[in-house]
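What follows is a set of notes on a single structure, which appears directly below.
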């Protein structure tokens, strides 16, 4: 197994680190958290660097890079803030990958170039008030009427809601039960009958738009169908890539917390000497570094498989689950090392801790991921409805 990064990947990480210093991302992260407003001027800068859609097909404006390269970019930027890394996430491992892999030529031509330029964005719409982890219970329906399709239903906690230009809506085709009836369609912002609820206010990830979506007899042309009923496996295949992006956010947040705690431990003095000389601080820093590295290996393994077109639900679930738990533990230890300063909004650790809590909720709960892994380990499926 080769654990080394390519020359190009190493150069990418360095260029993003240089950008972080040049653009003062540390200060920008605090400003985003304070105001709840995303700095949209970054989109043009990211587009010029080829970061948007870097893993998408070159014939539609992407760079054709492996998924791991996008994961590295997400992790590097998320050390400052997951909000700063969000455009890289959405344009590389988000629902636009479904279009890139399974969409029609016309769908790709109309959306992917705009995503790569930072002009368009695609939001994934899965969760409903009564269906989160159990996607096979979706109640949003797509029915054929008079030669076209009509979409009805409600989605909840949709990241990008109200901001994205396009929405990849997971829906049930007619009254077909179970996963066999589930597919996905594209709905554009502004479509008649398509509306948004109020913006959510979360404990972390301030600046990340999120709201409910309402579909009331929304007309959907057949050419907007991306995944037809019976191809649910294709949706989940690409979703495993998105889970790698979720885990990369955790790697970045945890890495940023470790860097800050380490620097603090070198400067802060107690009993006449730097606190890094106390064994308990050493143990906490070592534990943090060890957990981050373990998570990184799991996530990189999963992302490397996804980059070859063979994402493993087992590897993606394990990487996400471990990273979700790791980032909570690491940011908590970082706060303990900083003491009262860690709890203060004057320092970034309290924001990092708040942001760390989101990822174990999004993209599949920890409990459902563990059920999935257990099913694979035991070689049998566990029906949660019984």
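In the numbering used here, the protein residues as written are 151 to 536.
For each residue, glycine too, the CB sits at the ideal point set by N, CA and C.
Residue j beta carbon less than 8 Å from that of residue i
| i | j | result |
| --- | --- | --- |
| residue 334 | residue 248 | yes |
| residue 336 | residue 316 | yes |
| residue 234 | residue 179 | yes |
| residue 376 | residue 257 | yes |
| residue 402 | residue 226 | yes |
| residue 497 | residue 488 | yes |
| residue 301 | residue 370 | yes |
| residue 291 | residue 278 | no |
| residue 201 | residue 238 | yes |
| residue 236 | residue 166 | no |
| residue 217 | residue 205 | yes |
| residue 476 | residue 524 | no |
| residue 425 | residue 411 | no |
| residue 271 | residue 314 | yes |
| residue 193 | residue 268 | yes |
| residue 253 | residue 330 | no |
| residue 462 | residue 519 | no |
| residue 245 | residue 169 | no |
| residue 544 | residue 448 | This structure cannot settle anything about residue 544, because the visible part of the chain is limited to 151 through 536. |
Residue i in three-state terms, based on DSSP
| i | result |
| --- | --- |
| residue 281 | strand |
| residue 229 | coil |
| residue 295 | strand |
| residue 507 | coil |
| residue 528 | helix |
| residue 263 | helix |
| residue 318 | strand |
| residue 171 | helix |
| residue 378 | coil |
| residue 307 | strand |
| residue 349 | strand |
| residue 404 | helix |
| residue 390 | helix |
| residue 490 | helix |
| residue 362 | strand |
| residue 367 | strand |
Classification of residue i by the beta-carbon crowding that lies within 10 angstroms, buried from 16 upward
| i | result |
| --- | --- |
| residue 229 | buried |
| residue 129 | Only positions 151 to 536 of the chain appear in the structure, and residue 129 is not among them; the question remains open. |
| residue 243 | buried |
| residue 393 | buried |
| residue 322 | buried |
| residue 219 | buried |
| residue 172 | exposed |
| residue 407 | buried |
| residue 395 | buried |
| residue 181 | exposed |
| residue 389 | buried |
| residue 160 | exposed |
| residue 470 | buried |
| residue 452 | buried |
| residue 320 | buried |
| residue 465 | buried |
| residue 240 | buried |
| residue 154 | exposed |
| residue 532 | exposed |
| residue 158 | exposed |
Cβ-Cβ separation, residue j to residue i (assumed contact under 8 Å), whole Å
| i | j | result |
| --- | --- | --- |
| residue 398 | residue 221 | 4 Å |
| residue 183 | residue 501 | 5 Å |
| residue 400 | residue 454 | Not a contact, Cβ separation roughly 17 Å. |
| residue 286 | residue 328 | 5 Å |
Residue i CB to nearest heavy atom of the ligand HEM below 7 Å
| i | result |
| --- | --- |
| residue 417 | This structure lacks the ligand HEM, and indeed carries no ligand of any kind. |
On the three-pair Cβ rule with 8 Å, is the region 481-488 touching the region 205-212?
no
I'd like to know if the region 351-370 and the region 381-391 are in contact, where contact means that at least 3 CB-CB pairs between them fall below 8 Å.
no
Does the region 340-349 touch the region 281-297, meaning 3 or more C-beta pairs lie closer than 8 Å?
no
For the region 423-438 against the region 499-514, do three or more pairs of beta-carbon atoms, one drawn from each stretch, fall closer than 8 Å, so that the two count as touching?
no
Counting Cβ pairs, one atom from each stretch, are 3 or more of them under 8 Å apart for the region 303-313 and the region 280-294?
yes
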